[in-house]
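Here's the structure, in structure tokens; my notes come after.
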Amino acid sequence: MERLAGETAGYQGGGNAWTDSHPTDRSSAMSDMQRVKAAGIRIVDAPREAAAEGPVAQILPVSVPQRGMWVSQKIAPPDSVFNIAEYIEIHGALDVPLFLAALRQLADEAETTRTRIVDIDNTPRQVIEPHFTGEIPYFDISAEADPRAVAQAWMMAELGRPVDLAHDPLWKVALFKAGPEQFFWYHRCHHIVLDGFGGGLLARRMAEIYSALVEGREPEPCTLGRFATIVESEAGYRASPRLEKDREYWRERLANLPEAISLAKRRGTPTGGLLRATARLSPASTVRLHEIAKQASGTLPQTLISLLAAYIFRLTGADDLVFGMPVTGRTSGVMRRIPGMMANAVAIRLKMAPELTLAQLIPQVGSVLMGALRHQQYRYEDLRKDLGLLRQDQQISWVGVNIEPFDYDLRFAGLPSTAHNLSNGSVEDLTIFIYDRDDGQGLRIDFDANPGLYSHAELAEHQHRLLRLIESVLADPTKPIGEIDLLDPQERRNVLRLWNETTQEVPDRPWTTLFQAQVAANPGAVAVVSGERALTYRTLNEQANQLAYALIGRGIGPGSLVAVALPRGERLVIALLAILKTGAAYLPLDPGAPAARLALTLEDARPALLLTTTGIAPTLPPVIAAVLLLDQYVFAGNTVNPTDADRLAPLTADLPAYVIYTSGSTGRPKGVVLPHRALTNFLLSMQAMLKLSAQDRLVAVTTIAFDIAALELFLPLLTGAQVVIATRDTVRDPAALAGLITRTGATIMQATPSLWQALLADHGDTLRGLRPLVGGEALPGTLARAMRRLGHKVVNLYGPTETTIWSTLMELDGDDLDSPPIGRPIWNTQVYVLDRAMNPVPVGVPGDLYIGGAGVADGYLNRPDLTAERFLANPFGDGRLYRTGDLARWRGDGVLEFLGRSDFQIKIRGFRVEAGEIEATLLTHPQVAQAVVVLREETNGDKRLVAYVVPAAGETADGSELRRHLERSLPDYMIPAAFVSLDALPVNGNGKLDRGALPAPQWQQTSGYVAPRTPTEEILASLWAETFGLERVGIHDSLFDLGGDSLAAARMIAALRSRFSFEIPLGAVFGTPTIAGLAEHLEKSNESDPFTPCCRSRPAAARPRCSASTRCWAWAGAMPACCAIWGPTGRSMPCNPMA
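Per the UniProt record's numbering, the very first residue in the sequence shown carries number 1; after that it's consecutive.
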């Protein structure tokens, strides 16, 4: 009946409970009595102790745990959360009158049955009445069709009623006759007056009294202790040196506390109520468990705790394991005779490792448990206060373990009985109860869980797995816990084979041959659209062939690597096709990337040739001598598809198709080499799953340096569909992109969640009918819902660059939109969720995600060491596995859920970022001694990079200077939104960086506040404050210092356009990132581009108002009706409200 968390709930203070007068102080007691009478509490006569002035109720202060529950009940609405109950089933012919008489004698003997908690001047007091005067109902339900069901329905209804501490009975009993030889004794109490151990004392005393009455003798004298002893003992303890010794023990024991673990799959809000699942270990296994405990020189509780720790370790991988365990809180024989509320909870902290055996774990548990029991008087709520966990409502552990190894065998005048637990009170997360009772049925294991966090099916899974682990250990106690198989045979088949049955026949040749077949079938169809230019399939193929022959003439062929740095347009597609037709691999470069990063890439890859343009070439580092300028190239010559006879060597599917460079943790980007066979498998799989047709038009929005661009540029060409290429500027402008989609009649688009978010913010209604593909970073449920409103199921895609673009796919609809999973593997792809020992984990359990199959890359260019580290032999089949570094778990239907990164790699705006690369670049600046970069998510869902730096000796870290330093070598998506200067990086007790202790950045002004001076500055300041969630923004505050990036700038530009018809180029925002500078830019633009004031195309009444437009209404009273706030492109926003 004990519970873990109830006695600590709502506790707010840690003071000494013994702040009231001692109960033997007669004058103080009478003063309290007067207050009790004034409060309307009835004082009964028949005293337990004689007093000169007559019988009075005893009044006592409450104890610390009682005060916590009292506070909790005071501040919360009426609830039954602290009610605990069980019923004892008595087997045999019970003497009902004697049993009821025994109950009344028990009630007179035990103070807990007669206690109420009253509020006197907002101070809780215990009032103990001299006699029990409550009712003891008796029900004969033997004539009912199902007496047990009738009795349990009454019990649960009574248990579920809220209890008023001052007026309702805190102890309630009832007796049911279910049959001539079957009776149910129900007893319920409020946890504030009784704990589980005390309930056992009452039950045993009840059996003694009844047995004596039946035998016609006087019961043995009552030995139950009194509440006053509890109060006195607690007061003495809290004033003694022992308190400080216990406090120091627990502070030392729980220093550098790890994050509280939970076995819940979802992180919802705990609710009221209780879920329970019950299992039993067989009698034979229970006997074997006792034997193993004895062989290990341990006890059964120590052995059971060890098994539960092994189970939790295997499910969570937490090697520093902390869980809670309730204890009686009674440290002396006198205290163990008192049926009151004394229970406490202690933290059991264990060091786990996969190589540990049960025999090695039991002694550790024994030592830890012994120390915890020696210091069990120190209250759990005091400990949480010491650790600073009260205000945040955090827990030391969410998982609790309660073991009742004692024999609960009760006999009533020789009649056997069985105890049935109804409620241990509320459960915050999960508590595992284990009962070892001498009933011949083996160990009983109850999983009590919060229904807001667990389902019945999930509890059943835990039951089965725990029993499987116990049986496995019983079969071989010497087996390391890391080798224990938690999966049953069917689950193992599911996660290793059935859910990975993705075999499909794929032609063993480059995909360009499939494209050429499409050219033959639909030569006149439009293949590529770029601006006003369009290429048919025939023209595209012929020009690609012409360029391919030119490249072959320059010595380009199988094994060659050709860099491509071209603007987004039709020539980009021609160049990629031409390179692939020669048998070479392409190296895509983003022309807008910093020169330093491009130099690192080119120096590492050493491509044989660079394809670029006259305008881009001067901006590139002079690393490559061989350059072909495509804007000067004249397409001429052979238009026939090249064959192996034309190439320098045969083209096979095993040859590299492209090399993509991704962020590297050491500051050095790494090139991923992908073969033709992987690209062919990917494109054919996508075609089969997405079912593109010749009528589709796919908008290509992704930079060529991001591997998912290959889907956009190549997949439509397999089906006769069109590729509509959006320019870099168009992609950065949501309004322009929406216009392109509408103008071209695009039917499908792939983009990252960040881009979809910006696009749908203002243009969702105009894009209905567009089929959305999304990937590159975790998809929020709110965004998935918004995308679904476009009219199609949302296709959520997942995959690292090292396994060819996308490896899993899921069409989202219904409930899946709320927490979007990443789906199932594509063709010829296998996915595995494994623990640290490379064992498959059970369904629903988080693990490391590994990917195998046809999409696995050849490795990293020129990095054999890193290739060997990340690409491993497949222990479950042929080929290799790629260790993604991501966490995932299986659903029961074979669908994968993405849980985030297992390391500190970051994905932002679809780009994979190694924080180490940014950190390494920061460390090259003389101002910086130490640096760490993390991704922080704001309350509005925005994700921003934050750099924490420790300045070098004698230096001051200047955020603006550090930003400029990074911009010289890193792309914009790798530039932190904020720079936080620290005296030192926080570390834990092991000397490791404590990322959780890094302070949140202050997204606020970095200079003194200067108010807007002009209407234009006023509008800009208002929108900036709205964008960044600030109360005000000064005109000299930088966009970047406020936490802004290009997406934030794009959102602000869209808001200016939609609300005020302002048109601001994105480059202007980056060039003048302050309100004053941007306002000046707008005014200068207006001077060079005269126009006349005009009204918006939209009626003013339809315009949404923001704080800026509200100010404009205020200005209107002082301005002529014709005045306007000028925008940079010849539009205006009328300031007169009636305009």
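Where a beta carbon is used, it is the ideal one built from N, C-alpha and C, also for glycine.
CA-CA distance, F1091 and G739?
Residue placement at F1091 is flagged as unreliable, the pLDDT there being 26, under the threshold of 50; the coordinate-derived value follows with that caveat. Going by C-alpha positions, F1091 is about 25 angstroms away from G739.
Does the region 223-241 come within contact of the region 347-364, defined as at least 3 CB pairs closer than 8 angstroms?
no
Kindly indicate which residue of P926, A203 and A419 has the alpha-carbon position closest to the one of residue 1142.
Residue 1142 cannot be examined here, being either before or after the span of the chain that is shown, 1 to 1139.
Pair every Cβ in the region 924-935 with every Cβ in the region 945-952, then say whether three or more of these pairs are closer than 8 angstroms.
yes
Just how far apart, CA to CA, sit W70 and V56?
24 angstroms
At a cut of 8 angstroms, does the region 483-502 reach the region 461-468 through at least three beta carbon pairs?
yes
Segments assigned alpha helix (DSSP H), at least 4 residues, entirely inside the region 489-535:
Complete alpha helix (DSSP H) runs here, min 4: 489-496 and 512-521.
Could you check which residue in G853, L922, L866 and D886 has the C-alpha nearest to that of G879?
G853
State the beta-bridge partners of I432 as determined by DSSP.
Partner(s): V401 and F447.
Excluding the 5 residues preceding and the 5 following F132 in the sequence, name in chain order all residues of the same chain whose CB lies nearer than 6 angstroms to its CB.
A107, D108, T113 and R114
Quick check on DSSP: helix, strand or coil for P588?
strand
Residue interval of the beta strand (DSSP E) (run including V322):
Start and end: D320 to V327.
What is the rounded straight-line gap between the Cα of residue 1152 and the Cα of T601?
The question about residue 1152 has no answer here: the residues shown for the chain are numbered 1 through 1139.
Rounded to the nearest angstrom, what separates R824 and P842 at their Cα positions?
17 angstroms
Cα-Cα separation, N641 to T512:
10 angstroms
Just to confirm, are G557 and L698 a CB contact at a threshold of 8 angstroms?
Not closer than 8 angstroms, so no.
Contact check, L274 vs S423, beta carbons under 8 angstroms
yes
Beta strand (DSSP E) containing L1020: first to last residue?
Counting along the chain, L1020 falls outside any beta strand (DSSP E), though it belongs to the alpha helix (DSSP H) covering P1015 to F1028.
With C-beta atoms as the reference, is R188 less than 8 angstroms away from K172?
yes
Span separating the alpha-carbon of P507 from that of R568
So the two alpha carbons sit approximately 30 angstroms from each other.
For Q930, three-class secondary structure by DSSP
strand
Can you give the beta carbon distance from W1024 to L1042, rounded, assuming they're within the 8 angstroms contact cut?
7 angstroms
Residues bridged to T680 (per DSSP)
In DSSP, T680 forms no bridge with anything.
Helix, strand or coil: which one does DSSP assign to S981?
strand
What does the Cβ neighbour count give for A85, buried or exposed, with the cut at 16 atoms within 10 Å?
buried
Give the DSSP-derived three-state secondary structure of R247 in the structure shown.
If DSSP states are grouped into helix, strand and coil, R247 belongs with the helices.
For a test of the three-state rule: what should DSSP assign to N545, helix, strand or coil?
In the three-state reduction of the DSSP assignment, N545 falls in the helix class, which pools H, G and I.
Touch test, the region 969-981 against the region 589-605, Cβ-Cβ under 8 angstroms, three pairs minimum:
yes
Going by DSSP, name the residue or residues bridged to V564.
P588 and L611
In angstroms with no decimal places, state the Cα-to-Cα distance between G1117 and V1010.
Residue placement at G1117 is flagged as unreliable, the pLDDT there being 26, under the threshold of 50; the coordinate-derived value follows with that caveat. G1117 and V1010: Cα-Cα distance of roughly 25 angstroms.
Cutoff 6 angstroms; reference S186; Cβ partners in own chain excluding five residues on either side:
In the sequence under discussion, the amino acid at residue 186 is Tyr, which differs from the Ser named in the question. The residues are Y87, M155 and A174.
Please confirm whether L783 and R768 have their CB atoms less than 8 angstroms apart.
no
Using three-state DSSP, classify G6 as helix, strand or coil.
Residue placement at G6 cannot be trusted, given a pLDDT of 30 that sits under 50; the coordinates are not used to answer.
Length of the line joining the Cα atoms of V287 and L281:
10 angstroms
According to DSSP, is Q830 helix, strand or coil?
Under the three-state reduction of DSSP, Q830 is assigned to strand.
When you compare each of I552, T829 and R743 to M686 by their alpha carbons, which one comes out closest?
T829
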